[in-house]
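I have placed the structure first, in the form of structure tokens, so that the comments after it can refer back to it.
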Amino acid sequence: MDNPLDRILKQYPNTRRDNLLPLLQDIHDSLGYLSEESIIKVSQHLSLPSSKVYGVATFFDQFHFEPQAHFVIRICSGTSCHLSGSAEIMDEFKKTLNIRPGQTTRDGVFRLEEVPCLGACGLSPIVEVNGESHTGFSVQQIADLVEACKENVA
Ligand code: FES
């Protein structure tokens, strides 16, 4: 599966510097924060010093530079995913994790987010975990996914 960072960079074949902010926003939307790796890759992609990229990013309050949770679970609520059962998937995640979208579990392991169309409607419903897509997702997969994540935290 494509690294989410590389996938986003591919969407910006034009390496004009005015792509800097949209790129940072897309990466932040996908990963939930701007990692050191993402700052370096963006600087290479746009041929800018990484100090410049970091300087621009820190100017904006909305960017985080540390993960907001070990696992950021994002559920697409676009039309296609909605018709394929994303609302039921969200309800089950809410029950399982005992949080609402936009919240993080007290132990900092999970964050739940509802996001608009992720651009892969033919593979709906889509759940992303730390930017990695799980396509054709079903409610039955939630317990296993949550368990697998917990095992990876220890
Ligand atoms: S509606 Fe979910 S990917 Fe488009």
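The sequence shown stops at residue 139 when you use our numbering, and every number in between is there.
Just so you know, even glycine gets a beta-carbon here, dropped at the ideal spot from N, CA and C.
Within a Cβ cutoff of 6 Å, which residues of the same chain sit near residue i, ignoring the five residues on either side of it in sequence?
i, result
"residue 93", "54"
"residue 102", "63"
"residue 106", "65"
Here's a check: name, in chain order, each residue in its chain whose Cβ is nearer than 8 Å to the Cβ of residue i, leaving out the five neighbours to either side.
i, result
"residue 68", "109"
"residue 127", "74, 77, 78, 81"
Along the chain, where does the beta strand (DSSP E) containing residue i start, and where does it finish?
i, result
"residue 58", "56 to 61"
"residue 114", "112 to 114"
"residue 117", "117 to 119"
Quick one: give me the first and last residue of the alpha helix (DSSP H) that residue i is part of.
i, result
"residue -10", "-11 to -5"
"residue 125", "Premise fails: residue 125 is in no alpha helix (DSSP H) and is neither H nor E."
Which residues share a DSSP beta bridge with residue i?
i, result
"residue 97", "58"
"residue 89", "96"
Please say whether residue j and residue i have beta carbons closer to each other than 9 Å?
i, j, result
"residue -10", "residue 31", "no"
"residue -4", "residue 11", "yes"
Leaving aside the five residues before and after residue i along the sequence, list all residues of the same chain whose C-beta is less than 7 Å from its C-beta, in chain order.
i, result
"residue 57", "17, 96, 98, 115"
"residue -14", "A caution first: residue -14 carries a pLDDT of 49, below 50, which makes its placement in the model too unreliable to give a value."
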